Amino acid sequence: MDDNLLFEIRNLEKRYKIDVGLFKKEYFYAVNKVSFKVFRNEILGLVGESGSGKSTIGRLILKLIKKTDGDIYYKGKDLYKLTKLEEKKFRKETSIIFQDPRSSLNPRMKIYEILEEPLIVHKIDKKLRRYIIENSIINAGLDTTFLEKYPFELSGGQRQRVAIARAIVLNPDFIVADEPTSALDVSTQLQIINLIKKLKNENSLSVLFITHDLNVVGNISDRLIVLYRGKIMEKGNTTDILNYPLHPYTKLLIASLPVSHPKDRNKKELPKEVFREDIQNSCVFYHRCPYAEDRCKVEPDIKNINGREVYCHFV
Ligand code: SF4
Numbered sequence: 001m002d003d004n005l006l007f008e009i010r011n012l013e014k015r016y017k018i019d020v021g022l023f024k025k026e027y028f029y030a031v032n033k034v035s036f037k038v039f040r041n042e043i044l045g046l047v048g049e050s051g052s053g054k055s056t057i058g059r060l061i062l063k064l065i066k067k068t069d070g071d072i073y074y075k076g077k078d079l080y081k082l083t084k085l086e087e088k089k090f091r092k093e094t095s096i097i098f099q100d101p102r103s104s105l106n107p108r109m110k111i112y113e114i115l116e117e118p119l120i121v122h123k124i125d126k127k128l129r130r131y132i133i134e135n136s137i138i139n140a141g142l143d144t145t146f147l148e149k150y151p152f153e154l155s156g157g158q159r160q161r162v163a164i165a166r167a168i169v170l171n172p173d174f175i176v177a178d179e180p181t182s183a184l185d186v187s188t189q190l191q192i193i194n195l196i197k198k199l200k201n202e203n204s205l206s207v208l209f210i211t212h213d214l215n216v217v218g219n220i221s222d223r224l225i226v227l228y229r230g231k232i233m234e235k236g237n238t239t240d241i242l243n244y245p246l247h248p249y250t251k252l253l254i255a256s257l258p259v260s261h262p263k264d265r266n267k268k269e270l271p272k273e274v275f276r277e278d279i280q281n282s283c284v285f286y287h288r289c290p291y292a293e294d295r296c297k298v299e300p301d302i303k304n305i306n307g308r309e310v311y312c313h314f315v
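When we follow our numbering, the leftmost residue of the sequence shown carries the number 1, and every step to the right adds one.
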């Protein structure tokens with residue numbers, strides 16, 4: 001096994017049964033045959049619009065929700081075949097930062113208690129706890145006076161730093177950061193992005209960074225996955241994808257980004273989005289794709305072009 005490999009996800013699926021009439025059922029695929037790897041010391045961006053399945057993927061690989069199909073390997077071991085001891089180790093080595101720290105931090109607990117909770121769960125010696133907690137809060141960019149405060153006494157950015165301190169308190173190998181900047185103003189967003197980059201570099205951390213914002217992901221991720229309706233549209237090096245998008249959906253996403261100067265507007269190739277009826281077993285982007293042809297009524301395979309994976313007939 002490659003020692004650098006943390007997660008290997010193969011054909012992961014999460015589907016829900018829905019009633020569409022008397023005795024008739026269909027499946028809704030929140031995540032549809034998704035495969036990817038997460039390596040040590042990298043930030044992997046997962047970008048897509050709301051409802052694309054990105055948060056579901058984050059929860060699936062942390063085993064916070066059950067998969068329907070496919071395989072998840074963590075450090076070479078099937079996540080669904082871990083022993084009790086291995087499961088405990090997995091919980092200690094992985095963590096999550098949620099979008100809204102207001103709802104993820106208990107308002108009745110002081111910051112010290114919030115950070116102490118995971119240490120108690122994992123039976124860390126009481127004598128060591130204060131030292132670990134103080135280190136975490138300092139690493140998250142706050143001083144130790146914050147430990148005696150309650151979440152309501154903090155700004156949005158400070159609360160998110162506390163959420164990050166809690167995520168790193170057990171010194172994890174991997175964190176899912178689920179839209180950690182979307183509830184913050186632009187300057188605080190940048191501070192949180194820089195903090196996550198710093199933690200990655202200093203602690204050899206791997207991060208699955210989930211966002212709907214291409215600008216944010218362009219600023220932080222080493223590799224990028226573009227997701228649409230639970231399927232991977234494009235996967236590769238972030239700079240390559242943002243500079244030379246190959247998939248029509250990625251092109252649309254990039255074309256919809258605001259330009260910094262009006263004179264640059266003409267330089268952007270703006271494919272026109274269309275809306276047509278869905279067809280069963282077609283390419284999942286068929287109903288919106290400006291380049292769709294008859295062939296797209298049959299689902300494409302994933303093509304590998306110089307290390308970039310693209311889900312489209314015409315690349
Ligand atoms: Fe568009 Fe066809 Fe490519 Fe799908 S396969 S993205 S519909 S051109």
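Cβ coordinates follow ideal geometry from the N, Cα and C atoms, glycine included.
No experiment lies behind these values; they were computed from the predicted model shown.
The ligand SF4 never approaches F23 closely enough for any of its heavy atoms to be under 7 Å from the residue's Cβ. With respect to the C-alpha of L205, the residue from N304, L195, E8 and V47 having the closest C-alpha is L195.
Apart from the 5 residues on each side of it in sequence, E273 sits with its Cβ closer than 8 Å to the Cβ of L252, R288 and P290 in its chain, given in chain order. Looking at the backbone, the Cα of C296 and that of E234 are separated by about 17 Å. Short note on P300: C-beta closer than 7 Å to some heavy atom of the ligand SF4. The residue among K66, L128, D100 and E13 with its C-alpha nearest the C-alpha of L170 is L128. Between P101 and R159, the C-beta gap is smaller than 8 Å, which places the two residues in contact.
Taking V31 as reference, the option from R59, G45 and N41 with the minimal CA-CA separation is R59.
Straight-line spacing of the CA atoms in N237 and F7 works out to 18 Å.
Excluding the 5 residues flanking it on each side, I97 has same chain C-beta neighbours closer than 7 Å at A163, I164, A167, I175, A177, D178 and P180, in chain order. Taking non-hydrogen atoms of the ligand SF4 into account, the C-beta of F275 is found less than 7 Å away from none of them. For P248, the shortest separation between its Cβ and any heavy atom of the ligand SF4 lies below 7 Å. The beta-carbon separation of I279 and S55, rounded to 27 Å, does not stay under the 8 Å limit for a contact. Using a Cβ distance threshold of 8 Å, L44 and L208 count as a contacting pair. In the three-state scheme derived from DSSP, where H, G and I count as helix and E and B as strand, R308 is classed as strand. Under the three-state reduction of DSSP, I18 is assigned to strand.
Here DSSP, grouped into helix, strand and coil, assigns L119 to helix. Taking every protein chain shown into account, the CB of K200 has 16 or more other CB atoms within 10 angstroms, so this residue is buried.
Shown here for S104: same chain residues with a beta carbon closer than 7 Å to its own, the five before and five after excluded, namely F98 and A163 in chain order.
Taking E26 as the centre and dropping the five residues before and after it, the same chain places the C-beta of I18 and V20 closer than 6 Å to its C-beta, in chain order.
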